[in-house]
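> Numbering of the sequence shown is given in the UniProt record's numbering, commencing with residue 1 and proceeding in unit increments.
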Amino acid sequence: MAKFNFTLNAARMDASGHYDFQNVFEFPDFVEMRPTLRAAVRTVAREAFDQPVLPVKVERMTTSLEEQLERETRKYERQVGVYDNQKSERNQLVRLFTQVLQVISRTDEITEELEDIIYAVNQTRLSLIGLPALEGTGELYDADRDRELIVGTYYHFVTRLLVRPYLRDMQGDLVPENVTAAGRHLVVRMTTYAYRDWDAYLVHEYDEQHLIKNEKGLTNAAYYDKLEAVELKYADHIYAEVLADTYQEFVKVLVPNQLERFEIMSSDLRPLLAKNPGLRIRLAAIVNRHFKLDQDGYEHVMDTPLQEIKQKYQFYRENFS
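(1) State buried or exposed for G172, treating a residue as buried only when at least 16 other CB atoms are found within 10 Å of its CB.
(2) Out of A39, D29, T73 and S88, state which residue places its alpha-carbon closest to the alpha-carbon of M265.
(3) Going along the chain, which unbroken runs of the alpha helix (DSSP H) with 4 or more residues stay wholly within the region 45-123?
(4) Check whether the region 243-261 and the region 153-173 touch, using three or more Cβ-Cβ pairs below 8 Å as the test.
(5) By the 10 Å Cβ neighbour count, where 16 or more other Cβ atoms means buried, how is S105 classified, buried or exposed?
(6) Out of curiosity, what's the CA-to-CA distance linking R282 and L254?
(7) Measuring alpha carbon to alpha carbon, tell me which residue in E263, G136 and R160 is nearest K87.
(8) In three-state terms, what does DSSP make of residue 330?
(9) State whether the region 123-141 contacts the region 79-96, with contact taken as three or more CB pairs (one from each stretch) at a distance under 8 Å.
(10) Put A200 into one of helix, strand or coil per three-state DSSP.
(11) How far does the alpha helix (DSSP H) with R189 in it extend, from its first residue to its last?
(12) Start and end of the alpha helix (DSSP H) containing D245?
(13) Measure the alpha-carbon distance for Q209 versus Y223 and round it to whole angstroms.
(14) Closer than 8 Å is the cut-off here; do at least three beta carbon pairs connect the region 90-104 with the region 61-76?
(15) What do you reckon, are the CB atoms on L161 and G183 nearer than 8 Å?
(16) Looking only at its own chain, which residues have a Cβ that is under 8 Å from the Cβ of T36, when we skip the five neighbours before and after it?
(17) Given that a residue counts as buried once 16 or more other Cβ atoms are within 10 Å of its Cβ, and exposed if not, what is H300?
(18) Measure the alpha-carbon distance for F4 versus D108 and round it to whole angstroms.
(19) Can you look up F4 in the DSSP assignment and give me helix, strand or coil?
(20) Nearest to A221 by CA position, among K292, Y313 and L202, is which residue?
(21) Could you give the residue range of the alpha helix (DSSP H) that holds H300?
(22) How many angstroms separate the CA atom of G297 from the CA atom of G81?
(23) With a 10 Å radius around its C-beta and 16 neighbouring C-beta atoms as the bar for buried, classify E318 as buried or exposed.
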């Protein structure tokens with residue numbers, strides 16, 4: 001097993017009172033790290049059982065642990081501290097990251113990519129260990145609680161713009177009482193996109209397509225009908241690209257002129273926008289362009305992709321059935 005210095009470069013408070021919390025889920029190359037991290041979490045889940053169990057149980061625990069790791073880590077990053085009633089929860093989170101590190105380190109073949117993920121995971125672990133103490137009482141993790149958009153963050157800013165046509169009071173807050181039924185559906189959808197594991201989402205699409213391609217006895221028309229239904233079902237994966245592209249444009253505007261760094265799930269835009277109203281207009285223009293808002297404020301991201309899918313399968317049915 002390779003040996004690493006797991007106390008190197010621990011997070012500390014600087015002279016100005018800034019605590020440099022490092023979050024593996026915010027690292028620029030986290031997309032490349034995710035498969036290794038997921039495999040390690042799956043091993044932790046499997047080893048949590050003292051006797052053999054069905055693979056589905058392991059997968060359920062894996063998903064649960066992945067979700068817990070990310071949601072709790074982001075919570076402590078936002079707080080930049082730990083309340084007394086949260087210390088046991090924080091310590092359990094640290095132990096979970098430690099277990100993940102131990103699994104990843106079970107090799108003598110250390111690549112540069114492996115070193116990078118070990119460093120990122122360990123920096124997150126050290127950031128959690130060194131969190132400053134906060135006075136009062138903090139929120140505890142509840143896996144069953146509905147996810148919510150954090151007010152002031154990137155996803156909340158974008159959603160607040162998209163939901164404008166559905167607000168009862170245009171000057172009011174983004175709260176259920178001020179949003180029509182259609183607007184609440186949009187908020188739920190955007191919240192889903194904010195927390196969705198897009199890699200796993202696409203895997204589900206590939207699995208469904210694979211099942212259809214291996215289904216026997218289908219006519220060509222029925223085959224294309226089924227493939228079309230699956231593609232339409234998962235067509236909203238385009239939002240992953242739209243949200244990512246919009247975020248990258250935000251980063252170009254905000255960093256480093258306005259902020260040292262802009263984290264997609266935790267940076268609060270409200271203080272910055274309060275001081276610079278023109279910045280709000282500039283960011284809103286980016287959202288308008290990427291989400292294809294019309295003159296009434298309704299977004300049209302899916303119009304063209306859905307039309308292209310339907311046209312493609314209509315062509316297949318007309319020419320290959």
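Glycine included, each C-beta is placed from N, C-alpha and C at the ideal position.
Computed from a predicted model, the values in this text were never measured in an experiment.
In this structure, then:
(1) exposed
(2) T73
(3) 55-79 and 87-104
(4) yes
(5) buried
(6) 11 Å
(7) G136
(8) Beyond the ends of the chain as shown, which are 1 and 321, falls residue 330; an answer cannot be given.
(9) yes
(10) helix
(11) A181 to Y195
(12) I238 to L254
(13) 10 Å
(14) yes
(15) no
(16) I104, E113, L114 and I117
(17) exposed
(18) Only weak support exists for where F4 lies, its pLDDT of 48 falling under 50; the coordinates are left without a value.
(19) With a pLDDT of 48 at F4, under the threshold of 50, the predicted position of this residue should be treated as unreliable, though the coordinate-derived value follows. In the structure shown, F4 sits in coil (DSSP, three-state: anything other than H, G, I, E or B).
(20) Y313
(21) No alpha helix (DSSP H) contains H300, which DSSP labels as neither H nor E.
(22) 39 Å
(23) exposed
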